[in-house]
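Here's the structure we're looking at; comments come further down.
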Amino acid sequence: MKLSPKITQRIAKTVIWSAALLVILLLFSIIIYILGKGIPNITWQFLTQIPSDMGRSGGILSTIVGTLSVTLVATLVATPLGVGTAFYLTEYTREGIITKIIRFSAESLAGIPSIVYGLFGFIFFVIYLKLGWSILSGGLTLAVMILPTIIRTSEEAIRTVPAIYREVSYSLGGTKWQTMLKALIPTALPGISTGVILGIGRCVAETAAVILTAGSALRMPVSLFSPARTMAVHFYILAREGISMERAFGTAALLIILILIINIGANMLVNKFVAKGR
Amino acid sequence: MKIKKFGEKIPQSLFFIIALSALSVLALITVFILIEGVPLISKVGVFKFLFGMKWAPSLGQYGIFPMIVGTVFVTTGAIILGVPIALCCSIFLAEFAPKKISNLVRPAIQLLAGIPSVVYGFWGLIFIVPFIRNYMGGPGLSILAGSIILAIMILPTIISISEVSILALPPLLKEGAFALGATHWQTIRGVLLPAAKSGILASIILGIGRAVGETMAVIMVLGNAVALPKSILDPARTLTTNIGIEMGYASGEHQQALFATGIVLLVIIMILNASAQYAIRRK
Numbered sequence: 001m002k003l004s005p006k007i008t009q010r011i012a013k014t015v016i017w018s019a020a021l022l023v024i025l026l027l028f029s030i031i032i033y034i035l036g037k038g039i040p041n042i043t044w045q046f047l048t049q050i051p052s053d054m055g056r057s058g059g060i061l062s063t064i065v066g067t068l069s070v071t072l073v074a075t076l077v078a079t080p081l082g083v084g085t086a087f088y089l090t091e092y093t094r095e096g097i098i099t100k101i102i103r104f105s106a107e108s109l110a111g112i113p114s115i116v117y118g119l120f121g122f123i124f125f126v127i128y129l130k131l132g133w134s135i136l137s138g139g140l141t142l143a144v145m146i147l148p149t150i151i152r153t154s155e156e157a158i159r160t161v162p163a164i165y166r167e168v169s170y171s172l173g174g175t176k177w178q179t180m181l182k183a184l185i186p187t188a189l190p191g192i193s194t195g196v197i198l199g200i201g202r203c204v205a206e207t208a209a210v211i212l213t214a215g216s217a218l219r220m221p222v223s224l225f226s227p228a229r230t231m232a233v234h235f236y237i238l239a240r241e242g243i244s245m246e247r248a249f250g251t252a253a254l255l256i257i258l259i260l261i262i263n264i265g266a267n268m269l270v271n272k273f274v275a276k277g278r
Numbered sequence: 001m002k003i004k005k006f007g008e009k010i011p012q013s014l015f016f017i018i019a020l021s022a023l024s025v026l027a028l029i030t031v032f033i034l035i036e037g038v039p040l041i042s043k044v045g046v047f048k049f050l051f052g053m054k055w056a057p058s059l060g061q062y063g064i065f066p067m068i069v070g071t072v073f074v075t076t077g078a079i080i081l082g083v084p085i086a087l088c089c090s091i092f093l094a095e096f097a098p099k100k101i102s103n104l105v106r107p108a109i110q111l112l113a114g115i116p117s118v119v120y121g122f123w124g125l126i127f128i129v130p131f132i133r134n135y136m137g138g139p140g141l142s143i144l145a146g147s148i149i150l151a152i153m154i155l156p157t158i159i160s161i162s163e164v165s166i167l168a169l170p171p172l173l174k175e176g177a178f179a180l181g182a183t184h185w186q187t188i189r190g191v192l193l194p195a196a197k198s199g200i201l202a203s204i205i206l207g208i209g210r211a212v213g214e215t216m217a218v219i220m221v222l223g224n225a226v227a228l229p230k231s232i233l234d235p236a237r238t239l240t241t242n243i244g245i246e247m248g249y250a251s252g253e254h255q256q257a258l259f260a261t262g263i264v265l266l267v268i269i270m271i272l273n274a275s276a277q278y279a280i281r282r283k
């Protein structure tokens with residue numbers, strides 16, 4: 001029996017629509033479940049107290065501080081390197097063997113599993129550079145991890161700046177440096193920020209690389225050299241060792257809320273960028 | 001004029017040095033993991049390390065074959081479950097979805113990529129593991145559970161890259177097929193998908209890379225037993241989870257063995273990345 005093209009089309013369309021629906025349902029079921037179970041546990045005490053008794057009681061303040069500080073270090077280190085690389089690739093050189101090598105490196109870095117970043121960060125930052133399990137080691141490891149994301153998005157952003165911006169700037173006697181500072185960076189900023197924000201999202205969500213480099217101490221970190229536990233690591237330990245389900249759900253919900261905010265922010269920037277580009 | 005040129009020279013070299021950061025970091029990662037791992041591999045022997053059946057660090061036995069098998073099984077399962085759904089979804093976004101809907105679905109899929117992997121693992125532990133234990137047998141913590149979680153986690157990668165490669169096709173292809181009287185689905189199956197083949201292939205390879213490299217979600221649902229799995233309902237251990245579980249307390253030779261596991265992982269990932277990049281460039 002051979003089905004007519006019209007019927008095949010109808011079947012295919014149904015299958016494709018249901019697959020898309022399934023993906024959306026999956027996403028919502030995960031998010032709503034975690035938020036539903038977790039939000040009731042997010043109280044003022046939960047946000048402002050330091051965990052006690054291994055996380056069985058108290059809040060998660062030190063892990064919030066841990067997440068923020070590790071992420072901050074990573075972003076501060078990776079952004080100049082990533083954006084600088086993007087400028088080199090687009091403005092300072094011609095396509096050739098060097099750009100190929102740099103792009104290949106960035107793409108390879110993007111594929112390396114986070115646990116391998118963890119191994120590297122542990123042996124290089126923690127042991128070899130003697131930074132110990134610390135915010136600095138964790139932040140630097142994450143910086144390496146988000147570098148390819150920032151390079152790629154910044155490069156795309158700079159490439160989409162219309163050629164006329166450069167031409168006008170050069171024709172007015174602007175140097176390369178001036179053109180970059182005054183014409184390219186302001187125009188490409190939303191695109192560049194999107195990359196940075198996506199990088200922040202990855203830092204907040206990361207567990208494997210951080211647990212091996214920043215450690216899992218629950219004390220409040222006091223300097224860049226203090227060990228710290230991030231929220232994702234805290235959630236992992238609470239859930240896996242069954243220490244406190246309420247606090248695990250609360251931490252997970254807070255993580256999801258953060259990721260939601262980060263994603264919405266990135267999307268708004270992209271939309272602004274697209275609107276500007278047209 | 002000369003001063004101006006000089007001023008221009010400084011940033012140029014500075015940017016060059018900055019641009020070398022990705023390359024130097026890649027080199028550092030490779031070198032440091034090799035330095036830590038190679039001595040153990042050469043002590044145990046490449047063959048015995050890769051194909052040894054016993055992993056017993058306390059007895060000095062380091063064979064990672066069960067974990068290689070675990071990684072292959074879990075990843076294969078994830079691909080079988082995830083790829084058809086992901087491809088349908090990318091066709092949906094590129095061809096069928098009205099603009100209003102695709103503008104909502106796209107950020108949702110991006111969000112799916114942003115959810116922390118530990119949250120996926122936790123969700124799997126609460127819903128999928130008990131389901132498998134109650135309705136299919138076994139301990140629940142199993143290859144199947146790992147495959148399902150990874151199938152969900154690789155969706156965003158495959159969907160977004162395949163969608164882009166379908167959208168990047170010249171509109172002429174579609175118009176030509178329509179002009180010949182083909183239905184929309186015939187056009188997709190007969191013209192668009194074959195034309196976007198290399199991009200779709202690359203997306204699947206990158207999805208495989210993500211599945212092979214994922215650690216935390218898999219640790220939570222896979223059971224982590226170091227034995228050769230006999231069915232998909234058995235627990236298993238992957239290369240990544242081997243590192244993730246034991247790095248916390250390993251020292252000395254044992255730690256080196258985990259770095260050696262990392263080398264194997266890195267080699268697999270490098271091969272996958274290189275083939276994905278090859279597939280993308282082949283067009």
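Protein chains in written order, with the numbering used here: chain A, 1 to 278; chain B, 1 to 283.
C-beta: ideal position from N, C-alpha, C; glycine also.
#1: Whose CA, out of A/ARG10, A/ALA12, A/TYR92, A/VAL83, lies closest to the CA of A/TRP177?
#2: List the residues of chain A whose Cβ lies closer than 8 Å to the Cβ of B/GLN256, in chain order.
#3: Taking 8 Å as the threshold (beta carbon to beta carbon), is B/ASN224 in contact with chain A?
#4: Tell me whether A/TRP17 sits in a helix, a strand or coil according to DSSP, three-state version.
#5: Helix or strand or just coil, what does DSSP make of A/SER193?
#6: Note down, in chain order, every chain A residue with its Cβ under 9 Å from the Cβ of B/VAL105.
#7: May I have the straight-line CA-CA distance separating B/ILE166 from B/ILE200, to the nearest angstrom?
#8: How big is the Cα-Cα spacing for B/ILE271 and B/MET247?
#9: If you follow the alpha helix (DSSP H) that A/THR71 is part of, which residue opens it and which one closes it?
#10: Look at the alpha carbon of B/TYR135 and the alpha carbon of B/PRO66, and state the distance between them as a whole number of angstroms.
#11: Please say whether B/ALA113 and B/PRO84 have beta carbons closer to each other than 8 Å?
#12: Is the Cβ of A/ARG278 closer than 8 Å to any Cβ of chain B?
#13: Of all the options A/ALA183, A/ALA228, A/TYR88, which has the alpha carbon lying nearest to the alpha carbon of B/SER13?
#14: Assign A/GLN45 to one of three DSSP states: helix, strand, or coil.
#15: Given that a residue counts as buried once 16 or more other Cβ atoms are within 10 Å of its Cβ, and exposed if not, what is A/TRP44?
#16: In whole angstroms, what is the alpha-carbon distance linking B/GLY60 and B/GLY82?
#17: Count Cβ pairs between the stretch 220-239 of chain A and the stretch 167-174 of chain A that sit closer than 8 Å; are there 3 or more?
#18: Rounded to the nearest angstrom, what separates B/HIS254 and B/ILE268 at their Cα positions?
#19: Would DSSP call B/SER24 helix, strand or coil?
#20: Can you tell me which of A/SER223, A/PHE249, A/LYS2, A/VAL210 puts its alpha carbon nearest to the alpha carbon of A/PRO40?
#21: Note down, in chain order, each residue of its chain lying with its Cβ closer than 8 Å to the Cβ of B/VAL164, except the 5 sequence neighbours on either side.
#22: If contact means a Cβ-Cβ distance below 7 Å, which residues of the stretch 229-247 of chain A contact chain B?
#23: Identify the continuous alpha helix (DSSP H) that holds B/GLU253 and give its terminal residues.
#24: Between A/GLN49 and chain B, is any beta-carbon pair separated by less than 8 Å?
#25: Below 7 Å on C-beta distance, what does A/GLU107 contact in chain B?
#26: Does DSSP put B/ALA168 in a helix, a strand or coil?
#27: B/MET1 to B/GLU95, Cα distance in whole Å?
#28: If we cut at 8 Å on Cβ distances, does A/ILE158 have a partner in chain B?
#29: From A/ARG278 to A/GLU156, what does the alpha carbon distance come to, in whole angstroms?
#30: What does B/TYR62 pair with, by DSSP beta-bridge criteria?
#31: Please list, in chain order, all residues of the same chain as B/ILE68 whose beta carbon is under 8 Å from its beta carbon, the five residues on each side excluded.
#32: When you compare the CB of B/GLU36 with every CB in chain A, is at least one pair closer than 8 Å?
#33: Roughly how many whole angstroms lie between the Cα atoms of A/THR90 and A/GLN9?
#34: If you check the beta carbons only, do A/THR67 and A/VAL204 fall under 8 Å apart?
#35: Tell me, which residues are paired with B/ALA236 by DSSP?
#36: Quick one: what's got a C-beta closer than 8 Å to B/LEU169's C-beta in the same chain, skipping five residues either side?
So, from the data block:
#1: Nearest C-alpha to A/TRP177: A/TYR92.
#2: Ordered by position in chain A, no residue passes the 8 Å Cβ test against B/GLN256, which lies about 10 Å from the chain.
#3: With its beta carbon at least 8 Å from every one in chain A, B/ASN224 lies outside the interface.
#4: Helix, per DSSP.
#5: Here A/SER193 sits in helix by DSSP.
#6: In chain order: ALA20, VAL23, ILE24.
#7: Spanning the two alpha carbons is a distance of roughly 8 Å.
#8: Rounded to the nearest whole angstrom, the CA to CA distance from B/ILE271 to B/MET247 is 25 Å.
#9: From DSSP, the alpha helix (DSSP H) with A/THR71 extends over 61-87.
#10: So the two alpha carbons sit approximately 26 Å from each other.
#11: No, Cβ-Cβ distance for B/PRO84 and B/ALA113 is not below 8 Å.
#12: With a pLDDT of 45 at A/ARG278, under the threshold of 50, the modelled position of this residue cannot be trusted, and the question is left open.
#13: Nearest C-alpha to B/SER13: A/TYR88.
#14: Helix, per DSSP.
#15: Classification of A/TRP44: exposed, given that the 10 Å Cβ count is below 16.
#16: So the two alpha carbons sit approximately 38 Å from each other.
#17: Touching, no, given that fewer than three Cβ pairs across the two stretches are closer than 8 Å.
#18: Going by the C-alpha atoms only, they are around 22 Å apart.
#19: In the structure shown, B/SER24 sits in a helix (DSSP, three-state: H, G or I).
#20: Checking every option, the nearest Cα to that of A/PRO40 belongs to A/PHE249.
#21: Counting only Cβ-Cβ distances below 8 Å, and skipping sequence neighbours, we find GLY199.
#22: Close to chain B, meaning a Cβ-Cβ distance shorter than 7 Å, are the following residues of the stretch 229-247 of chain A: ALA232, PHE235, TYR236, ALA239, ARG240.
#23: Start and end: 252-282.
#24: Answer no: the Cβ-Cβ gap between A/GLN49 and chain B never drops below 8 Å.
#25: Simply ASN273, GLN277.
#26: Of the three classes helix, strand and coil, the one that applies to B/ALA168 here is coil, per DSSP.
#27: For B/MET1, the predicted structure reports a pLDDT of 45, less than 50, and the residue's modelled location is therefore unreliable. The matter cannot be settled from this model.
#28: Closer than 8 Å: no.
#29: Unreliable positioning characterises A/ARG278 in this predicted model, as indicated by a pLDDT of 45, which lies under 50. The coordinate reading is nonetheless provided below. The alpha-carbon atoms of A/ARG278 and A/GLU156 are separated by roughly 15 Å.
#30: Residue pairing from DSSP places B/TYR62 in a beta bridge opposite B/TRP55.
#31: These residues qualify, in order along the chain: LEU50, LEU239, VAL264.
#32: With 8 Å as the cut-off, B/GLU36 counts as an interface residue toward chain A.
#33: Rounded to the nearest angstrom, the gap between the Cα atoms of A/THR90 and A/GLN9 is 44 Å.
#34: With respect to the 8 Å criterion, A/THR67 and A/VAL204 are classified as neighbours on the basis of their beta carbons.
#35: Looking at the DSSP assignment, B/ALA236 forms a beta bridge with B/GLY223.
#36: Here the set comprises LEU192, ALA195, ALA196.
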